[in-house]
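**Student:** So the protein lines, in turn, are chains B and V. Quick note, in my numbering, the first sequence goes up one by one and the last residue is 582. Quick note, in my numbering, the second sequence goes up one by one and the last residue is 582. Below you'll find the structure I mean.
There are 2 protein chains.
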Amino acid sequence: MPRSRPRTKLRSGCPLNVSVEILGDRWSLLIIRDMMLRDFRSYTQFLESYERIATNILANRLKKLERYGIIATQQDPLDGRKLIYTLTEKGMDLAPVLTEMVLWTAAHEEHQNPELIRQIKKDKQKFLAAVRQRWLEKSSHID
Amino acid sequence: MPRSRPRTKLRSGCPLNVSVEILGDRWSLLIIRDMMLRDFRSYTQFLESYERIATNILANRLKKLERYGIIATQQDPLDGRKLIYTLTEKGMDLAPVLTEMVLWTAAHEEHQNPELIRQIKKDKQKFLAAVRQRWLEKSSHID
DNA sequence: TCAGATTACTTGTTAATTGCAAGTGAAAAT
DNA sequence: ATTTTCACTTGCAATTAACAAGTAATCTGA
């Protein structure tokens, strides 16, 4: 369901360029990874992730991802200070992209987390289905 | 074939982070796209690509991609001024990543090049095989 | 109840990266 | 011999990222 109007001027409408302009930085995909694979949902959790994103960059990226409909934000009903960030369906649809990136690294670069790679390699479709199923079951996603 | 030693300090060894640190900017994947899908092989061709990369950024990215073994550089035997840039096998292995990014954009954002998307959607494996076959036939790749 | 902690930020400030314009040297074409 | 092409480099301005500190709203524990 492509949008009828670009929200910013794009360098080109090439579908690869579009995704690069949305996701091509050093943090966006890591935030999405934390949501998809680690079920992170709060600002503090993202801040405490291993790669140590700066607070202003995190705030900026969360806004950008929400603006693009990749994540959604809701208030925590149990704690007025907290916001809950969740992946939208559009965000979940990035699972294959992340998966292929992980496989590429596994094949060509030094890396960690052999268990994740074992799982993906064993049955990619099953892995993707499981990730999506977990997301469906959370059911706190509101697109 | 992962390298035994990281060439720079990485924020983390998470396989997604590794690929993000190598490819997560606004130009690297576009250069790879031009090599993979459009058979671009020279500095001038990359410069003339629609998105208009700056000359210093292009030089910088070509060096980075070569350093990571994603592309290889050779002299043009017919013209002493020219260099020929080609994808290595490691670079070709990015085809699934690019393909999934294109599919994601096709599903969720306004974009162009419906013919490419039609091809990929029709038979993804066949598309990937064809891209690799074209690369093999060029046979000017030296890893 | 109220001091202290927690949460999700913002606001400086500095450092790094990007983008633009112009220039360079070697090789090729005219 | 001069001009053009090629793959860059250099200098500088503008944008972006990183770091440190602060803030308002909310919650928690004595």
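Just so it is clear, CB atoms sit at the ideal spot from N, CA and C, and this is done for glycine as well.
1. Less than 8 Å between the beta carbons of M531 (chain B) and W574 (chain B), yes or no?
2. Are the CB atoms of I559 (chain B) and V536 (chain B) within a distance shorter than 8 Å?
3. With a threshold of 8 Å on Cβ separation, who are the neighbours of N456 (chain V) within its own chain once the five nearest residues in sequence on each side are excluded?
4. Look at L468 (chain V) and G463 (chain B) and say whether their C-beta atoms are less than 8 Å apart.
5. Taking Cβ positions only, does S443 (chain V) come closer than 8 Å to chain B?
6. For K529 (chain V), does the count of other Cβ atoms within 10 angstroms reach 16, so buried, or fall short, so exposed?
7. Thinking C-alpha only, which one of V:R557, V:K521, V:Y507 and V:L526 is nearest Y482 (chain V)?
8. With a threshold of 8 Å between beta-carbons, can I496 (chain V) be considered close to chain B, or not?
9. What does A545 (chain V) touch in chain B if you count any residue whose Cβ is under 7 Å from its own?
10. In the DSSP assignment, the alpha helix (DSSP H) including A546 (chain V) goes from what residue to what residue?
11. Among the candidates V:P454, V:C453 and V:E576, whose CA atom is the shortest distance from the CA of L526 (chain V)?
12. Give the C-beta separation of S488 (chain V) and D473 (chain V) to the nearest angstrom, bearing in mind that I take them to be a contact with Cβ-Cβ under 8 Å.
13. Excluding sequence positions up to five away, which residues of its chain have a Cβ less than 7 Å from the Cβ of A545 (chain V)?
14. Determine whether the Cβ of E460 (chain V) lies closer than 8 Å to any Cβ atom of chain B.
15. Comparing the C-beta of I556 (chain V) with each C-beta of chain B, is any distance below 8 Å?
16. Can you tell me which of the three DSSP states Y482 (chain B) falls into?
17. What is the DSSP secondary structure of A568 (chain B), counted as helix, strand or coil?
18. Please state whether the Cβ-Cβ distance between A534 (chain V) and L567 (chain V) is less than 8 Å.
19. Exposed or buried, A511 (chain V), counting other C-beta atoms within 10 Å across all chains shown (16 or more means buried)?
20. Considering only the alpha carbon of each residue, which of B:I461, B:Q564 and B:L486 lies closest to R506 (chain B)?
21. Indicate whether at least one CB of chain V lies closer than 8 Å to the CB of E539 (chain B).
**Tutor:** According to the data block:
1. Here residue 531 (chain B) corresponds to residue number 92 of the first sequence, with the count starting at 1. Here residue 574 (chain B) corresponds to residue number 135 of the first sequence, with the count starting at 1. Yes, these two residues count as a Cβ contact at 8 Å.
2. Translated into positions along the first sequence, residue 536 (chain B) becomes position 97. Translated into positions along the first sequence, residue 559 (chain B) becomes position 120. No, these two residues do not count as a Cβ contact at 8 Å.
3. Here residue 456 (chain V) corresponds to residue number 17 of the second sequence, with the count starting at 1. Contacts found: L449 and R450.
4. The residue labelled residue 468 (chain V) in the question sits at position 29 within the second sequence. The residue labelled residue 463 (chain B) in the question sits at position 24 within the first sequence. It is a contact, given that the beta carbons lie within the stated cut-off.
5. In the second sequence, the residue the question calls residue 443 (chain V) occupies position 4. Note that S443 (chain V) scores a pLDDT of 48, beneath 50, so its modelled location is shaky; the value from the coordinates is reported in the next line. Yes, its Cβ sits closer than 8 Å to a Cβ of chain B.
6. As a first step, residue 529 (chain V) is located in the second sequence; it is residue number 90 there, counting from the start. Buried, by the Cβ-count rule.
7. Position 43 of the second sequence holds residue 482 (chain V). Selected option, being the one with the closest Cα: V:K521.
8. Here residue 496 (chain V) refers to the residue found at position 57 when the second sequence is read from its first residue. No, its Cβ sits nowhere closer than 8 Å to a Cβ of chain B.
9. For this step, residue 545 (chain V) is matched to residue 106 along the second sequence. Per Cβ cutoff of 7 Å: P454.
10. What you label residue 546 (chain V) is simply residue 107 of the second sequence in a count that begins at 1. A534 to H547 is the span of the alpha helix (DSSP H), which, as asked, contains A546 (chain V).
11. Here residue 526 (chain V) refers to the residue found at position 87 of the second sequence. Of the candidates V:P454, V:C453 and V:E576, the one whose C-alpha sits nearest the C-alpha of L526 (chain V) is V:E576.
12. For this step, residue 488 (chain V) is matched to residue 49 along the second sequence. For this step, residue 473 (chain V) is matched to residue 34 along the second sequence. At roughly 5 Å, the Cβ-Cβ gap stays under 8 Å, so S488 (chain V) and D473 (chain V) are in contact.
13. In the second sequence, residue 545 (chain V) corresponds to position 106, counting from 1. So the qualifying residues of the chain are I556.
14. In the second sequence, the residue the question calls residue 460 (chain V) occupies position 21. So yes, E460 (chain V) belongs to the interface.
15. Translated into positions along the second sequence, residue 556 (chain V) becomes position 117. So yes, I556 (chain V) belongs to the interface.
16. Position 43 of the first sequence, counted from the first residue, corresponds to residue 482 (chain B). Three-state result, Y482 (chain B): helix.
17. Within the first sequence, residue 568 (chain B) is the residue found at index 129, counting from 1. Here A568 (chain B) sits in helix by DSSP.
18. Locating residue 534 (chain V) in the second sequence gives position 95, counting from the first residue. Locating residue 567 (chain V) in the second sequence gives position 128, counting from the first residue. Yes, these two residues count as a Cβ contact at 8 Å.
19. As a first step, residue 511 (chain V) must be located in the second sequence, where it is residue number 72. When all chains shown are included, A511 (chain V) counts as buried.
20. Within the first sequence, numbered from 1, the residue matching residue 506 (chain B) stands at position 67. Comparing Cα positions, the closest option is B:I461.
21. For the purposes of this step, residue 539 (chain B) is taken as the residue at position 100 of the first sequence. So, interface residue.
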